[in-house]
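Inspection log for the structure reproduced underneath, given as structure tokens.
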Amino acid sequence: MNPQTKGLWLGLAGVTLFAMTTPMTRLAVGPAEDPQLPPLFVTAGRAALAGLLSLVYLLFTRAPVPQARHLPALLVSAAGTVIGFPLFLGLALREVDAMHAAVVTGLLPLGTAVVASVVLRQRPSNGFWACAVLGFVLVAAFAMLAGGALTAADGLLMLAVLSAAVGYVSGAHLAREWSAEHVICWVLVLSMPLTWPLAWHSWPSQPANVSAWVGFGYVTLFSMWIGFFAWYRALALGGTVRVSQVQLVQPFLSLLFAVPILGERLDAMTLFFSLAVIATVFVGKKMPVNLPAAEAR
């Protein structure tokens, strides 16, 4: 098997693992009428345990130690991917089902491109911005049709998208110097002075179902750790441009997983808006983005 093909298969494996995050997080936190593990505990606990695994990996691979100049980017990445995204997602999933969340968070690839263009001072084409606006309108329309109006949970999901996008862009900046695996591991390790006390403080005061602990175990081991290894290795083998397109199927896979895991029903409207968001993200990522004039010369 050539490296490009292997990269695509690994990319699909990584995306499949990530697609399970939304239904497994819903399983862990439970709905508002039957709450399970506290969202803050799920957020901090999964990062704390993944941090221990990361520490072992960094020692085993003799990874380079971050310098002072690396700390701002590491902390921003941690704020977005370790704290912001899982916390906002967990809070939102107390109020909406996993399918609803999958449609809204399907904007993440396009949101990441928007944040990258702002941070890197690029000049996206009008077509790119049109796709970004259309994607937001589609998500807002879906939320209003599904719930009758935009809710606080929809705002939390958009904050989750923004948090992850900022964290990904910050981490990608560091990946120019280190392997991407080392980046995510250092992000988790440097977060441990915060995540371990938070996990202890938010330890559930009421017993939770076994299924909730299974969901917590999944997002700890696969969503927070192994999934990143598969995904970053896929990008290295198959090329970022080619493999990143695989991520477009992630919202659709999340919808499918929510059926057997949570017993949710996939209706025509949810499927339509999911495919519309995927198509918008696909077109948006194809639109030209120009470098700043100073870099283009």
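In the working numbering, the protein residues as written are 1049 to 1345. Glycine is no exception: its CB is placed at the ideal position from the N, C-alpha and C atoms. Owing to the predicted nature of the structure, the values given are computational and were not obtained by experimental measurement.
Rounded to the nearest angstrom, the Cβ distance from ALA1095 to LEU1238 is 11 Å, too far for a contact under 8 Å. Per DSSP, the unbroken alpha helix (DSSP H) holding PHE1108 starts and ends at 1087 to 1109. The criterion of a C-beta distance shorter than 8 Å is satisfied by GLN1084 and GLY1078. Exclusion of the five residues before and after LEU1198 leaves ALA1188, ALA1191, MET1192 as the residues of its chain whose Cβ lies within less than 7 Å of its Cβ. Using a 10 angstroms sphere on the CB of MET1317, the tally of other CB atoms stays under 16, which defines it as exposed. Within the segment 1106 to 1143, complete alpha helix (DSSP H) segments of at least 4 residues are found at 1119 to 1125, 1133 to 1140, given in chain order.
In the structure shown, the three-state DSSP call for ARG1171 is strand. It is roughly 10 Å from the alpha-carbon of VAL1124 to the alpha-carbon of HIS1118. Using a 10 angstroms sphere on the CB of GLY1311, the tally of other CB atoms stays under 16, which defines it as exposed. Residue state for LEU1155 is assigned as coil, using DSSP reduced to three classes. Taken through DSSP and simplified to helix, strand or coil, ARG1074 comes out as helix. If you look at THR1199, you'll find it isn't in any alpha helix (DSSP H); DSSP assigns it neither H nor E. Contact between GLY1215 and GLY1132 holds: CB atoms are separated by about 7 Å, below the 8 Å threshold. Within its own chain, the residues whose Cβ lies closer than 6 Å to the Cβ of LEU1097, once the five positions on either side in sequence are excluded, are THR1268, listed in chain order.
Considering only ARG1224, PHE1320, ALA1306, ASP1315, the residue with the shortest C-alpha distance to ALA1067 is ALA1306. Taking the Cβ atoms as the reference, THR1160 lies roughly 4 Å from ALA1213, within the contact range of under 8 Å. Counting only residues of its own chain and dropping the five nearest sequence neighbours on each side, CYS1179 has a CB closer than 6 Å to the CB of THR1328, VAL1331, GLY1332. DSSP places SER1302 in the uninterrupted alpha helix (DSSP H) bounded by 1298 to 1310.
The residue from THR1053, THR1070, VAL1235, ALA1076 with its alpha-carbon nearest to that of PRO1255 is ALA1076.
Nearest to PRO1299 by alpha-carbon distance, out of PRO1051, PRO1241, THR1070, LEU1056, is THR1070.
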